[in-house]
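One structure below.
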Amino acid sequence: RPVRLEQLEAWYKVDLTGCRQKLIPLPFFDRFGTWIDPNAVTTADPNPFEAVAAESRAFDVFINVNMVTLIQPLSPFSLFLCHFPESVRNGYFAVDDYSCLAVNSHYTATWVRALWGLEPALVLYPPVEMTGPRLPKENIILSAARFETGGSKKQHELIRAFAELQASDRELFRDWRLVLVGGSLPENPYLERIRQLARQSQAPVEVRVNVPASELQQWYARAKIFWHACGLGETNPHLVEHFGMTTVEAMQNRCLPIVINGGGQREIVEPGESGYRFDTLAELCRYTRETIAEPGRLAEMQEKAWARAQAFTRERFQQFVRGFFQQLERDYRTLPVPDPRDILTNQRRANLFYSPVARRARALGGAR
613 RPVRLEQLEA
623 WYKVDLTGCR
633 QKLIPLPFFD
643 RFGTWIDPNA
653 VTTADPNPFE
663 AVAAESRAFD
673 VFINVNMVTL
683 IQPLSPFSLF
693 LCHFPESVRN
703 GYFAVDDYSC
713 LAVNSHYTAT
723 WVRALWGLEP
733 ALVLYPPVEM
743 TGPRLPKENI
753 ILSAARFETG
763 GSKKQHELIR
773 AFAELQASDR
783 ELFRDWRLVL
793 VGGSLPENPY
803 LERIRQLARQ
813 SQAPVEVRVN
823 VPASELQQWY
833 ARAKIFWHAC
843 GLGETNPHLV
853 EHFGMTTVEA
863 MQNRCLPIVI
873 NGGGQREIVE
883 PGESGYRFDT
893 LAELCRYTRE
903 TIAEPGRLAE
913 MQEKAWARAQ
923 AFTRERFQQF
933 VRGFFQQLER
943 DYRTLPVPDP
953 RDILTNQRRA
963 NLFYSPVARR
973 ARALGGAR
């Protein structure tokens, strides 16, 4: 689907002055409407992404951020950014041929090794920027997550847990409410189920759908506690939070996280310091009850949550990326020209720039 640079600037809130765009037709996917699904490609078909590979040849650096594993990089230097290895290796799998493989968390790195047999060069945590004006904190427990049709974000379970808390100590939770904020597609049966549960619940539960970013930020600023249960009871690693950007967003606004003990959440929340991690709904309820019962401790941990969130800011991200590409440029400008005989005898690939950058990535100050 065509997209304009102005749309990307508005959506991602970045300045794209000096950037240009090019739309590459992929006729293979016309039969699927506007959806491009690499998993629809088999080795019985010509690789439809050869058109993208051919375009990469014209650039010094090619960055694959869409995790399309079937794109062969033909630029001197190439970077594959993996959010999670969602596809298996097949005949057109080309991630091995990228100069540098980056992942968004150590959790993702574990599954890249297990499913692809590859070793990521660096962990590059996503930049998170949701800090807003400080507002008076209210007795709100907030959940910010999409209302997935399959219920993977576990809003149903959160409503149940909150109702149990209310019933267990009505005095302690007298003025508290649970607010579920998230995006949804039209005609979502899971969302309708959540709305019905909220109406039927004896506890105060509010459901807010497809709110603007400004309203979401206000909820973060007003709420005292943040809940996130994506991955609860799951055995499929894809259904566990690969990083946890909403958790960081909450922490940037001093909203204390009580989140699932799995996936990328383990790399964000320090148990007992900047939040809590739970394995069961019973633990979620216990940590929440203990936290609310000690307002002084809650306020102290909220400050620690804010401090911890500074490790994942856009400024930190930009600092690392800028240093990475500055080092790449220095190495690239001094790269010796390979002997054509080495290329012809396959001793050195012509399409890869074996830069020391990839080998030194961790030493440059990347995310830990």
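Under the working numbering, the first residue of the sequence shown carries the number 613, and numbering increases by one thereafter. By construction, the Cβ of each residue, glycine as well, lies at the ideal position given by its N, Cα and C atoms. Just so you know, these numbers come straight off a predicted model, no measurement behind them.
Cβ-based burial, residue i [other Cβ within 10 Å; buried from 16]
| i | result |
| --- | --- |
| W723 | buried |
| F924 | buried |
| G843 | buried |
| A918 | The displayed chain sequence assigns Trp, not Ala, to residue 918. It counts as buried. |
| S687 | buried |
| H840 | buried |
| N822 | exposed |
| A726 | exposed |
| P745 | exposed |
| V602 | Examination of residue 602 is not possible in this model, given that the chain is present from 613 through 980 alone. |
| Q812 | exposed |
| Q684 | buried |
| A962 | Low local confidence applies: a pLDDT of 42 at A962 is under 50, so the model's placement there is unreliable, and no value is given. |
| R920 | buried |
| I870 | buried |
| G908 | exposed |
Residue from the options with nearest C-alpha to residue i
| i | options | result |
| --- | --- | --- |
| Q633 | F661, L617 and R920 | L617 |
| C557 | A921, G874 and I675 | Because residue 557 is not part of the residues shown, which for the chain are 613 to 980, the question remains open. |
| R942 | F689, D781 and S764 | F689 |
| E912 | L868, R928 and Q922 | L868 |
| E698 | P739, M679 and D708 | M679 |
| Q808 | F785, F641, A779 and Q767 | Q767 |
| E853 | D781, E799, G874 and A714 | G874 |
| H850 | R928, L947, G935 and G876 | G876 |
| E818 | Y802, Q939, W788 and Q829 | W788 |
| E741 | Q939, R928, E915 and R805 | R928 |
| A833 | V615, A663, I752 and E667 | I752 |
| E804 | G845, L828, T761 and T858 | T761 |
| T903 | M857, T859, L691 and F838 | F838 |
| P798 | I636, F759 and R898 | F759 |
Three-state secondary structure assigned by DSSP to residue i
| i | result |
| --- | --- |
| G794 | strand |
| W647 | coil |
| A841 | coil |
| S780 | helix |
| V664 | helix |
| S826 | helix |
| R820 | strand |
| L734 | strand |
| F674 | strand |
| R789 | strand |
| L851 | helix |
| L617 | helix |
| L754 | strand |
| V680 | coil |
| V933 | helix |
| Q959 | Annotation note: pLDDT 48 at Q959 (below 50); position unreliable, no value reported. |
Residue i to residue j span [Cα, whole Å]
| i | j | result |
| --- | --- | --- |
| G989 | G630 | Past the edges of the chain, shown from 613 to 980, lies residue 989, and the structure says nothing about it. |
| D657 | I872 | 42 Å |
| S796 | I771 | 18 Å |
| E861 | E906 | 24 Å |
| K625 | F671 | 25 Å |
| R960 | Y710 | Note that R960 scores a pLDDT of 47, beneath 50, so its modelled location is shaky; the value from the coordinates is reported in the next line. Taking the straight line joining both Cα atoms gives about 14 Å. |
| L682 | V707 | 8 Å |
| L628 | R934 | 16 Å |
| F785 | L747 | 21 Å |
| G977 | F932 | With a pLDDT of only 48 at G977, under the threshold of 50, the placement of this residue in the model should not be trusted; the figure read from the coordinates follows. Near 7 Å, if we compare the C-alpha coordinates of F932 and G977. |
| Q930 | R782 | 47 Å |
| E667 | R926 | 30 Å |
Any non-hydrogen atom of the ligand HEM closer than 7 Å to residue i Cβ
| i | result |
| --- | --- |
| H854 | Here there are no bound small molecules, and the ligand HEM is not part of this structure. |
Length-filtered (3 minimum) beta strand (DSSP E) runs lying within the segment 685-731 = 689-694 and 712-715
Starting from the N-terminal side, write out each stretch of the beta strand (DSSP E) that is 3 residues or longer and does not extend beyond the segment 859-929.
-> Given a length threshold of 3 residues, each whole run of the beta strand (DSSP E) inside the segment 859-929 is given here in chain order: 868-872 and 888-890.
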